[in-house]
Amino acid sequence: MAVLLMDIRGAISQVAKGNLTNKMHNMGLKADLVGWVESLMEERKVILSMNGNKDHNMDMEMGVLLGSPVSPVLLLMYLWGLFKQVENKDDEYGNEGISFVDDVVWAVDEEGMAECIQRLRRCTKEGQSGV
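Rendered as structure tokens:
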């Protein structure tokens, strides 16, 4: 058995509202829940501050709320295509994906190290097209 540990750099701040809500619709989630997520991600502002000097307000159009209890769940919904794409190859490769927020683990089970490496490379290749 071999595992590949990956950190999806900047994942939480790169979640696009439209993509997330489309994925939620495709997952068959109720319209009320999708609407709640849309409202959660609307009309957000960010203010930069350095040495007590505040910059002007800027619209925040991407990302889920950092520190919110729902953020890990929303990120997993956003990454749903990644896991689906790789795990659909399960019959062919026997891949398994495990995630905690933006940290992903791909696990494969083979006798030899070379075979494990090949399968983990296929996981990353499939995963790049699934997000």
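Residue 86 in numbering that gives the first Met the number 0 sits at position 87 of the sequence shown, with consecutive numbering throughout. Ideal placement from N, C-alpha and C gives every residue a C-beta, glycine not left out.
- request: Compare the beta carbon distance of Ser48 and Ile11 with 8 angstroms and say whether it is the shorter of the two.
  value: Taking 8 angstroms as the Cβ cut-off, Ser48 and Ile11 do not qualify as a contacting pair.
field: Whether Leu81 touches Val14 by CB criterion (8 angstroms)
entry: In this structure, Leu81 sits away from Val14, with a CB-CB distance that is not shorter than 8 angstroms.
task: Please report how far the alpha carbon of Lys124 lies from the alpha carbon of Leu78, in whole angstroms.
output: Between Lys124 and Leu78, the C-alpha separation is close to 15 angstroms.
query: With a Cβ-Cβ cutoff of 8 angstroms, do Ala1 and Val107 count as a contact?
result: In this structure, the beta-carbon distance from Ala1 to Val107 falls below 8 angstroms.
task: Determine, using beta carbons only, whether Leu64 and Val36 come nearer to each other than 8 angstroms.
output: In this structure, Val36 does not lie closer than 8 angstroms to Leu64 by Cβ.
- request: State the CB to CB distance for the pair Met40 and Lys22, rounded to an integer number of angstroms; the pair is presumed to be in contact (CB under 8 angstroms).
  value: About 13 angstroms; that fails the 8 angstroms criterion.
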